[in-house]
Amino acid sequence: MSRVDEFERRKALRETMLSGVPDRDVQLDYKFFVGRAEGLWTRFRLSLQVSKHGDMFVLEDLKDVQTRLSEKRY
């Protein structure tokens, strides 16, 4: 689970750790799960990431709130 507004962190993971594994060694499949975005700008940026990368699931029934931090990883 990822914080909905961690755009730069997801970008860094995609560009470093998640892109550095050669396909011949291992097949890696990853997904980012985020809660519902609050705010027009955040929703817009999130929709761009979803469209561009195809590696995200937006859990619309789950609001991204401070009290859920312990459930988040990246």
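Reminder that position 53 of the sequence shown reads as 572 in our numbering, one-by-one numbering, no gaps.
For each residue, glycine too, the CB sits at the ideal point set by N, CA and C.
Can you round the beta-carbon distance between residue i and residue j to whole angstroms, since I take them to be within the 8 Å contact cut?
i: V523; j: V553; result: 4 Å
i: F526; j: R564; result: 6 Å
Look up residue i in the DSSP assignment and say whether it is helix, strand or coil.
i: R522; result: coil
i: L559; result: helix
i: V545; result: coil
i: Y593; result: Confidence at Y593 is low in this model, with a pLDDT of 48, below 50, so its placement is unreliable and the value that follows should be read with caution. Of the three classes helix, strand and coil, the one that applies to Y593 here is coil, per DSSP.
i: V569; result: helix
i: L532; result: helix
Could you name the residues of the same chain whose beta carbon sits closer than 7 Å to that of residue i, not counting the 5 residues immediately before and after it, in chain order?
i: L581; result: G554 and R555
Who are the Cβ neighbours of residue i in its own chain at under 8 Å, not counting the five residues just before and after it?
i: F595; result: Residue 595 is absent from the structure shown; the chain starts at 520 and stops at 593.
i: L537; result: L547 and Y549
i: V574; result: Per the sequence shown, residue 574 should be read as Asp rather than Val. Closer than 8 Å at the Cβ level, and outside the excluded window around D574, lie R533, Y549, K550 and F551.
In terms of alpha-carbon separation, which member of the options lies closest to residue i?
i: R533; options: K571, D583, E579 and S566; result: K571
Starting from the C-beta of residue i, find all residues in its chain whose C-beta is less than 6 Å away, skip the five residues before and the five after it, and write them out in chain order.
i: S566; result: none
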